[in-house]
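Position 558 of the sequence shown, counting from 1, maps to 575 under the numbering used here, and the rest follow consecutively.
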Amino acid sequence: MPIVPITDVGRVGIIEDIPPYNLPPNAWSGGNNVRFLDNGVKKVAGYDEVMATCPFAPYYVQSYLDASGTYYWLAYGATDIAVWNGSTWTDVTRQTVMTLNGSVSASGGSITVNTGAALTALAPSSSGTLLIGNEDTGSSNIYEEVTYASFNTGTGVITLTGTLANNHPSGAIVTPSGTTSTVDSDYGATATERKWTVTNLNGIIVATNGYDTPQFWPLSSGIPALTTPFRELRNWPLVAKSDVIRSFRTFLVGLNWDRTNPEPRLVKWSTEASYGQPPVTWSETDNTLDSGEYQLADTPGVIVDGLPLGDSFMIYKEDSIYIMNYVGTPYIFSFKLLSPNIGCISKNCVAEFEGGHFFIGVSDFYLCNGQQVTPLLPEKLRRAVFDDLDGDSKNYNRCFVAADYVRNEMIAAYPSTSGAAGGPANKAIIWNWKTNTFGMRDLPTTSHITSGIVEITAGTTWNNIVGNWNGGSGSWGSTNYANVSENLVFADITNTKLFRDNHGNTKDGTNMTSYIERTGYDLGDPSMIKYVSAVYPELEVSGDNVIKVYVGHQMATERAITWDNGTDFNPNTQSKVSCRATGKYFAVKFESTGDFDWKLNGLAFDVKPRGKRGGRSYP
Numbered sequence: 018m019p020i021v022p023i024t025d026v027g028r029v030g031i032i033e034d035i036p037p038y039n040l041p042p043n044a045w046s047g048g049n050n051v052r053f054l055d056n057g058v059k060k061v062a063g064y065d066e067v068m069a070t071c072p073f074a075p076y077y078v079q080s081y082l083d084a085s086g087t088y089y090w091l092a093y094g095a096t097d098i099a100v101w102n103g104s105t106w107t108d109v110t111r112q113t114v115m116t117l118n119g120s121v122s123a124s125g126g127s128i129t130v131n132t133g134a135a136l137t138a139l140a141p142s143s144s145g146t147l148l149i150g151n152e153d154t155g156s157s158n159i160y161e162e163v164t165y166a167s168f169n170t171g172t173g174v175i176t177l178t179g180t181l182a183n184n185h186p187s188g189a190i191v192t193p194s195g196t197t198s199t200v201d202s203d204y205g206a207t208a209t210e211r212k213w214t215v216t217n218l219n220g221i222i223v224a225t226n227g228y229d230t231p232q233f234w235p236l237s238s239g240i241p242a243l244t245t246p247f248r249e250l251r252n253w254p255l256v257a258k259s260d261v262i263r264s265f266r267t268f269l270v271g272l273n274w275d276r277t278n279p280e281p282r283l284v285k286w287s288t289e290a291s292y293g294q295p296p297v298t299w300s301e302t303d304n305t306l307d308s309g310e311y312q313l314a315d316t317p318g319v320i321v322d323g324l325p326l327g328d329s330f331m332i333y334k335e336d337s338i339y340i341m342n343y344v345g346t347p348y349i350f351s352f353k354l355l356s357p358n359i360g361c362i363s364k365n366c367v368a369e370f371e372g373g374h375f376f377i378g379v380s381d382f383y384l385c386n387g388q389q390v391t392p393l394l395p396e397k398l399r400r401a402v403f404d405d406l407d408g409d410s411k412n413y414n415r416c417f418v419a420a421d422y423v424r425n426e427m428i429a430a431y432p433s434t435s436g437a438a439g440g441p442a443n444k445a446i447i448w449n450w451k452t453n454t455f456g457m458r459d460l461p462t463t464s465h466i467t468s469g470i471v472e473i474t475a476g477t478t479w480n481n482i483v484g485n486w487n488g489g490s491g492s493w494g495s496t497n498y499a500n501v502s503e504n505l506v507f508a509d510i511t512n513t514k515l516f517r518d519n520h521g522n523t524k525d526g527t528n529m530t531s532y533i534e535r536t537g538y539d540l541g542d543p544s545m546i547k548y549v550s551a552v553y554p555e556l557e558v559s560g561d562n563v564i565k566v567y568v569g570h571q572m573a574t575e576r577a578i579t580w581d582n583g584t585d586f587n588p589n590t591q592s593k594v595s596c597r598a599t600g601k602y603f604a605v606k607f608e609s610t611g612d613f614d615w616k617l618n619g620l621a622f623d624v625k626p627r628g629k630r631g632g633r634s635y636p
């Protein structure tokens, strides 16, 4: 009997917009929880919990490397921020914030702050330090630390021990500092939108949720102190909010503003910042400074995000894309419309890879190289994804993307109709930018994914060996060394956990179903009735485990596929799956539900012609 081989099974991926009988033999018509790697089809790895359970539901997670080479992980919740130092979570939420009642001159010996709940909760000590400022007057750094001798919580009067360096207007932010007794000042994100954007500017972290004054984590010689909470961004424009803040060159760029009134098309940038310090001002009126602003009013949509690309900064509106380039004085930046009718779905839905951007639009996934925008999804897959987005409003704000630079994959996460109504992302499309293949996978209830170093406790080392060489147990070759490679980390808001991806074969201990399927094989001649007696899978399976293999057949493309009951296949002891299938078209499906890894490198069919005339055919 002739053998019909199917090779290069990882080269094309899943294609759903072309009828299966028109696909090349090495393409697939369906699958889930698989990726295409090393020219094969591989089950996606599992995930397990890392770090301790987060103290709150994490809506954003970030890996951070300080100047000393120490790794931290930060979790951002609806109301709090916490940092993981390798052993414990530490609350670094901003301290209680008060506002200055009335202006104060540099010579003033006392100030008066609000006497509301914030001040009562603070219960400050009789003496200590304060941070005062955070307003933009076009001057040099007016955010300053002052000391006080007394603090009257009844009247809000604070007696200073010396003079101030600057004048401060009414409404300036006053924040406890130093040894002052403090309490958290929760952030004000709402239930409908809890997306943070976080950026790194010259070594400092700057974060905003679009509702509160942007935050930064103060450094000392490039190193953060876990006892130091986040603070209001210095010299931020008073009574202003920005939905997104990104770094570009040595500037901070704020996108989509509210300065008493919404300005959703406003781009505003700071002065250039020094290393380890926030920018001095955001003033747009002082022509001697390099800070400024610009309205992107050529298109009607609002700005949703922005990201550097090479020497440019790409600004994504919901309906268009602009290029922002540095040109120097007097204009500082120029702006050019790149795409008038394609935009981005939501913030955190853009990611960089190898000289380009990948982003989610309102009806497709796209690539942008700074010169043109190219749609990416095959038509049927595109329809399937956007039809599957949960909710009447499509829940665009729950979508996000993440890049896995180790595996050359982009993960586009979205909330599926299979999840809880109005819930977070629970499914993702996996795109490999090297092979241009697509896979699909399930996610936990995920609000964000990022890449970073997750240190795993090492096993036997020189220092922790107990006993002598002769009396020791185990072998040197079995030592587990510390793994400091890049990992994807999932933020699960339902279980308040952080998961390490690509580890193990289960979903935090729960087995997952993975499968790959191809229908519409004509096996050489679509007019010929054929008999398939066996399938020869080229499978790698960890341990002594089995893959369920299903074989199907049909006499015509418009007829339903008749599937067999499936056969347990163990590649360690078997070479083929026997079957009895007669038809013009054939199908095959490989499926696993257990705690093990597998990879399909190819397959072959044992085929015997039966003739071209109609009627029944028998083996």
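We put the CB at the ideal spot given by N, CA and C, even for glycine. All values reported here derive from a predicted model rather than from experimental measurement.
Exposure label - residue i; buried when at least 16 CB within 10 Å
| i | result |
| --- | --- |
| Arg576 | exposed |
| Leu82 | exposed |
| Lys616 | buried |
| Tyr348 | exposed |
| Val644 | Any question about residue 644 goes unanswered here, given that the chain covers just 18 to 636. |
| Asp308 | Note on identity: in this sequence residue 308 is Ser, with Asp being the wrong assignment. When all chains shown are included, Ser308 counts as buried. |
| Ser85 | exposed |
| Ser337 | buried |
| Glu371 | exposed |
| Thr391 | exposed |
| Glu396 | exposed |
| Thr434 | exposed |
| Thr172 | exposed |
| Asn342 | exposed |
| Asn589 | exposed |
| Asn217 | exposed |
| Val423 | exposed |
| Ile482 | Caution applies to Ile482, whose pLDDT of 34 falls short of 50 and renders its modelled position unreliable; the value that the coordinates give is listed next. When all chains shown are included, Ile482 counts as exposed. |
Nearest-angstrom Cβ-Cβ length linking residue i and residue j, presumed shorter than 8 Å
| i | j | result |
| --- | --- | --- |
| Val61 | Val51 | 6 Å |
| Gly387 | Ile340 | 7 Å |
| Thr107 | Ala99 | 6 Å |
| Trp299 | Trp253 | 7 Å |
| Met331 | Cys385 | 6 Å |
| Thr192 | Gly126 | Not quite, the Cβ-Cβ distance comes to about 20 Å (not below 8 Å), so this is no contact. |
| Tyr77 | Tyr93 | 4 Å |
| Glu249 | Val114 | 7 Å |
| Leu117 | Thr199 | Going by Cβ atoms, the distance from Leu117 to Thr199 rounds to 18 Å, so no, they are not a contact pair. |
Proximity below 7 Å, CB of residue i to CB of residue j
| i | j | result |
| --- | --- | --- |
| Thr584 | Val566 | yes |
| Glu534 | Gly619 | no |
| Phe268 | Glu289 | yes |
| Lys285 | Gly271 | yes |
| Ser194 | Glu162 | yes |
| Gly48 | Asn522 | no |
| Val215 | Lys364 | no |
| Asn39 | Val26 | no |
| Arg111 | Ser202 | yes |
| Leu394 | Phe382 | yes |
| Leu236 | Gly318 | no |
| Arg251 | Pro279 | no |
Contact test: residue i Cβ vs the ligand MN heavy atom, cutoff 6 Å
| i | result |
| --- | --- |
| Arg517 | Looking at this structure, you won't find the ligand MN or any other ligand, since it has none at all. |
For residue i, the nearest candidate out of the options (CA to CA)
| i | options | result |
| --- | --- | --- |
| Phe265 | Tyr38, Gly220, Tyr64 and Pro281 | Gly220 |
| His520 | Arg400, Thr462 and Val471 | Val471 |
| Ala74 | Gln571, Asn56 and Asp509 | Asp509 |
| Arg28 | Pro325, Pro37, Leu40 and Leu54 | Leu54 |
| Tyr165 | Gly179, Gly173 and Ser363 | Gly179 |
| Leu637 | Phe455, Trp450, Ser187 and Arg263 | Past the edges of the chain, shown from 18 to 636, lies residue 637, and the structure says nothing about it. |
| Gly440 | Leu393, Glu557, Thr463 and Asn278 | Thr463 |
| Arg627 | Ala604, Phe607, Ala598 and Val605 | Ala598 |
| Ile428 | Gly293, Asn449 and Val223 | Asn449 |
| Thr610 | Thr574, Val558 and Phe622 | Val558 |
| Phe417 | Arg400, Val379 and Ala401 | Val379 |
| Lys601 | Asp381, Ala621 and Thr574 | Thr574 |
| Asp303 | Gly456, Thr346 and Ile564 | Thr346 |
| Lys547 | Thr530, Ser531 and Gly569 | Gly569 |
| Val109 | Ala604, Phe233, Ala182 and Asn56 | Phe233 |
| Asn512 | Asp581, Ala314, Asp65 and Phe376 | Asp65 |
For this session: Please determine if the segment 505–516 and the segment 453–467 are in contact, where contact requires at least 3 C-beta pairs separated by less than 8 Å.
Result: yes
For this session: Determine, using beta-carbon pairs with one atom in the segment 538–552 and one in the segment 584–598, whether at least three such pairs fall under 8 Å.
Result: yes
Problem set entry | At least three beta-carbon pairs within less than 8 Å, the segment 183–191 to the segment 236–243 | no
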